[in-house]
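Visitor:
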Amino acid sequence: MTKMIFLDNGATSFPKPEEVYRFMDHFFRNFGVNPGRSGYDLCMEAGLVVEETRKLLTDFFHGTDPNRLCFGYNSTDALNLIISGMLKPGDHAVSTMVEHNSVLRPLYHLRKDGVDVDLVPFDGAGFVDPEEIRKKFRPNTRLVIVNHASNVIGTVQPVAAIGRLCREAGIPFAIDASQSAGKVSIDMEAQFLDVVAFTGHKSLLGPTGIGGLYVREGIEIRHTRAGGTGVRSAVKAHLDEYPYRLEYGTPNVMGIAGLKAGVSWVLGKGLEAVHHEEMRLAGILLEGLKAIPRVTTYCLDSLEDHIAVLSFNVEGMDAADVGTMLDVDFGIACRTGLHCAPLVHERLGTDKVHGAVRFGIGPFNTEDHVRTAVVAVGKIAALPPKKR
Ligand SMILES: Cc1ncc(COP(=O)(O)O)c(C=O)c1O
Numbered sequence: 273m274t275k276m277i278f279l280d281n282g283a284t285s286f287p288k289p290e291e292v293y294r295f296m297d298h299f300f301r302n303f304g305v306n307p308g309r310s311g312y313d314l315c316m317e318a319g320l321v322v323e324e325t326r327k328l329l330t331d332f333f334h335g336t337d338p339n340r341l342c343f344g345y346n347s348t349d350a351l352n353l354i355i356s357g358m359l360k361p362g363d364h365a366v367s368t369m370v371e372h373n374s375v376l377r378p379l380y381h382l383r384k385d386g387v388d389v390d391l392v393p394f395d396g397a398g399f400v401d402p403e404e405i406r407k408k409f410r411p412n413t414r415l416v417i418v419n420h421a422s423n424v425i426g427t428v429q430p431v432a433a434i435g436r437l438c439r440e441a442g443i444p445f446a447i448d449a450s451q452s453a454g455k456v457s458i459d460m461e462a463q464f465l466d467v468v469a470f471t472g473h474k475s476l477l478g479p480t481g482i483g484g485l486y487v488r489e490g491i492e493i494r495h496t497r498a499g500g501t502g503v504r505s506a507v508k509a510h511l512d513e514y515p516y517r518l519e520y521g522t523p524n525v526m527g528i529a530g531l532k533a534g535v536s537w538v539l540g541k542g543l544e545a546v547h548h549e550e551m552r553l554a555g556i557l558l559e560g561l562k563a564i565p566r567v568t569t570y571c572l573d574s575l576e577d578h579i580a581v582l583s584f585n586v587e588g589m590d591a592a593d594v595g596t597m598l599d600v601d602f603g604i605a606c607r608t609g610l611h612c613a614p615l616v617h618e619r620l621g622t623d624k625v626h627g628a629v630r631f632g633i634g635p636f637n638t639e640d641h642v643r644t645a646v647v648a649v650g651k652i653a654a655l656p657p658k659k660r
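When we follow the numbering used here, the leftmost residue of the sequence shown carries the number 273, and every step to the right adds one.
(1) Return the bridge partner residues of S583 from the DSSP annotation.
(2) Please report the straight-line C-alpha distance between A433 and Q463, rounded to a whole angstrom.
(3) Between V629 and T608, is the Cβ-Cβ spacing less than 8 Å?
(4) Please name the residue, chosen from T522, V424 and D388, that lies closest to F399 on a Cα-to-Cα basis.
(5) Is it buried or exposed for D601, if we count other Cβ within 10 angstroms and need 16 for buried?
(6) If I482 sits next to V468, beta carbons under 8 Å apart, how far is it from one beta carbon to the other, in whole angstroms?
(7) Does DSSP put S536 in a helix, in a strand, or in coil?
(8) Kindly give me the distance between the Cβ atoms of I443 and H420, rounded to whole angstroms, as I take these residues to be in contact under 8 Å.
(9) When you compare each of K275, M276 and R294 to A529 by their alpha carbons, which one comes out closest?
(10) Specify, as a first and last residue, the run of the beta strand (DSSP E) that K348 falls within.
(11) With DSSP as the reference, please indicate the residues paired to V389 in a beta bridge.
(12) Identify every residue that forms a DSSP beta bridge with C342.
(13) Is D280 near ligand 1, with its Cβ less than 7 Å from a heavy atom?
(14) Quick one: give me the first and last residue of the alpha helix (DSSP H) that G555 is part of.
(15) Secondary structure at I458, three-state DSSP: helix, strand or coil?
(16) Here's the rule: buried if 16 or more other CB atoms are within 10 angstroms of the residue's CB, otherwise exposed. What is F300?
(17) Would you kindly work out how many angstroms separate the C-alpha atoms of G560 and T622, rounded to a whole number?
(18) Hey, would you say P523 sits closer than 8 Å to V322, going by beta carbons?
(19) Around the C-beta of Y520, are 16 or more other C-beta atoms found within 10 angstroms, so that it is buried, or is it exposed?
(20) Report the CB separation of R414 from A365 in whole angstroms; it is logged as a contact under 8 Å.
(21) Between G499 and the rest of its own chain, which residues show a CB-CB distance below 8 Å, the 5 nearest in sequence each way excluded?
(22) Kindly indicate which three-state DSSP category I443 falls into: helix, strand or coil?
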C-alpha cells in the first residue's frame with residue numbers, strides 16, 4: 273500500500289496509537305464477554321474495564337460521579353438522547369448556526385412536535401457571542417446546546433461564558449464535544465456545563481461505535497428508549513438511576529476498551545502538548561495556504577481559540593475536484609462538501625460552490641505532511657483554467 277498522508281482527522285482520527293490496537297486485541301481475546309451481567313471472572317474483568325473507563329472519562333471532563341457518565345455509540349446517539357429527553361412540546365431551545373446535523377436534525381425533528389428553536393449566527397471570525405444567546409432566553413427555554421469546536425472552521429466557542437449565562441438563568445446547558453474532546457480542556461465545573469456529549473473515535477483516539485454523555489447531578493434526562501440493563505430485570509419500566517437510565521442493551525465493550533486506551537494515551541502525552549503540536553502544524557499549513565494565489569481560507573485570520581481544522585477553496589474549482597486531485601495525484605486524504613454542517617456553509621456562502629475542502633490535523637501528522645499538502649494545493653491552484 274502506498275503511504276497516504278491522512279489529513280482527515282476531523283472525520284475520525286487515523287491511525288490510532290499502537291496502544292489502542294494492542295489493548296483492544298488483548299481485551300477482545302481475553303475478556304470479550306458481556307460485562308457486568310454475571311458473576312464469573314471474565315464478566316467481572318470486562319465490567320471492571322467499563323467502570324474504569326467511566327471513571328477515567330468522568331475525571332477527564334472534571335465531573336464528580338462516574339455513574340453519570342453514560343456510554344452510547346457516538347455523539348449523534350448521545351445528542352439524540354439529550355435533545356429528545358430534555359425537550360417536550362411547548363418548550364423552547366437555543367442553539368447555533370455552527371452546529372453539526374447531529375444537533376440540527378434532532379432539533380428540526382422536534383420542531384414538528386411543537387418545540388420552538390432559535391439558531392444564533394456566528395460572527396465573521398466564526399464565533400458565537402454569548403450575549404446573542406442570552407437575548408434568546410424565554411421563560412420556556414429548556415435547553416441551550418452548542419457545538420464546542422466547529423468541524424468546518426475549527427473555532428472553539430466561548431462555552432464557559434455561555435455556560436455562566438445559562439446557569440444564572442437556570443437553563444440547562446449542553447455541549448457537543450465531538451471535535452473538542454481530546455483537543456481542548458472540558459471542565460463541567462469551571463465551564464458551567466450540565467451535559468457533555470462526546471464521540472470516542474475522533475481526538476479521544478478510540479475506535480468508531482463508542483461515545484456517550486456526562487450528565488451533571490441535578491440535571492435529569494427522560495429516557496426515550498427502554499430495554500435491558502443487565503440488572504433488576506423484573507422491573508417493568510426502564511431504570512431511572514444512572515448510568516442505566518441512559519444505557520440500553522449490551523454496551524460496546526470492545527469500543528470502551530479501545531477508548532480507555534485512547535484517552536490514556538492522550539493523558540500520557542498531555543492534552544495541551546498534543547494540541548500545541550497540532551496547532552503548530554496548523555500554523556504552517558495556514559501560512560502556506562494563505563500564500564497561494566486563488567486560495568480562500570475561512571474564519572482563519574487567527575488561530576487563537578481554534579482547533580487544527582482548516583477549510584479552504586480554490587477559486588474556480590469545485591471542492592470535490594480539489595479533494596479528488598489531492599487524493600489521486602498527491603495521496604492526501606481530506607474531506608470535501610458540506611461536512612454535515614449546512615448552516616456553516618450557508619453563512620460562509622460556500623453552499624453555492626458545494627462546500628469547501630477541509631484538512632484536519634491529528635497527533636500523528638508531521639511537519640512534512642503539512643508542507644507536502646501546501647505544495648499539492650499550490651500545484652492544483654496553478655493549473656491552467658481548463659484543467660482546473
Ligand atoms: C461537531 C460534530 N458533531 C457531531 C458529530 C457526529 O459525530 P459521530 O458521527 O461520531 O456521532 C461530528 C462528527 O463529524 C462533529 O464533527
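The C-beta atom is built at its ideal place from N, Cα and C for all residues, glycine as well.
Guide: Short version:
(1) R630
(2) 7 Å
(3) yes
(4) Across the set T522, V424 and D388, the C-alpha of V424 shows the shortest separation from the C-alpha of F399.
(5) exposed
(6) The Cβ separation is near 15 Å, so there is no contact.
(7) If DSSP states are grouped into helix, strand and coil, S536 belongs with the helices.
(8) 17 Å between Cβ atoms; not a contact.
(9) R294
(10) As written in the sequence, residue 348 is Thr, which differs from the Lys given in the question. Looking at the DSSP string, T348 is not in any beta strand (DSSP E); the run it does join, the alpha helix (DSSP H), is S347 to M358.
(11) A365
(12) L485
(13) no
(14) L543 to K562
(15) coil
(16) exposed
(17) If you take the alpha carbons of G560 and T622, they lie about 21 Å apart.
(18) A distance below 8 Å separates the beta carbons of P523 and V322.
(19) buried
(20) 7 Å
(21) Apart from sequence neighbours up to five positions away, the residues of its chain that approach G499 with a beta-carbon distance below 8 Å are H510, Y520 and G521, ordered along the chain.
(22) coil
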